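Reading through the structure tokens given below for one structure.
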Amino acid sequence: MLSNKVIDHCQEQGWWHEDVPASYEEALRKLEIDLQSDFAQFYLHAEDGPTFYSRHQELYQICWFMENTVYMEDMNVAQLTLGLPEAYIPLDSFEGEGGFFYNRQTGEVVLVELGESIERFLNGESEPQWADFNAFLEWYFVLEQETAQ
């Protein structure tokens, strides 16, 4: 489930919509996304055009991209080119030789970059940075409490 922090942030930005387009539900079904997941809850209700922008990076509105682009083809190319398992779908355009990927099976989100970063991840030497999509959104929108190191 999405946290109130994420929902409140989206409502404050004017991004939260109660009406869910049937085409968006169908888009998530095509991606084999559980419609009860925090991922689905976010993408069915939050929209600020084709992308969201925070932390100097764009994040796709996945449902919009499914309807208006060749997202499925781009997803397949990204998986094949980078060697990522099919469970991982891109959340952005992988500009700057790095990008966010969502694991449809576990709900985890990983940031991988070309070179050592992706090699370590593919070899099982590193873990996804976010255990679930909600944690990723709280980080992405700078909603989580920063911890002192």
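Just so we're aligned, residue 1 is where the sequence shown starts under full-length UniProt numbering, counting upward by one.
Note that beta-carbon positions come from the ideal geometry of N, C-alpha and C, so glycine has one too.
Since the model is a prediction, treat every value here as computed from it, not as a measurement.
| Check | Outcome |
| --- | --- |
| Close-in-space but distant-in-sequence residues of the same chain around Leu114 (CB under 6 Å, 5 per side omitted) | Glu97 |
| Beta-carbon proximity check, Leu122 vs Leu91, cutoff 8 Å | no |
| Any 3 or more C-beta pairs closer than 8 Å across the stretch 66 to 83 and the stretch 34 to 42 | no |
| Tyr21 to Gly49 span [Cα, whole Å] | Reading the sequence as shown, one finds Pro at residue 21 and not Tyr. Spanning the two alpha carbons is a distance of roughly 14 Å. |
| His45 versus Glu108 - alpha carbon distance | 20 Å |
| Sequence-distant residues of the same chain with beta carbon closer than 8 Å to Ala87, five excluded per side | Asn103, Arg104, Gln105 and Thr106 |
| Start and end residues, beta strand (DSSP E) containing Ser54 | Thr51 to Ser54 |
| Any non-hydrogen atom of the ligand FMN closer than 7 Å to Glu18 Cβ | In the structure shown, the ligand FMN is absent, as is every other ligand, since no ligand is present at all. |
| Cα-Cα separation between Leu28 and Gln41, rounded to whole angstroms | 10 Å |
| Buried/exposed call for Gly83, threshold 16 Cβ in 10 Å | exposed |
| Opening and closing residue of the beta strand (DSSP E) in which Val109 lies | Val109 to Glu113 |
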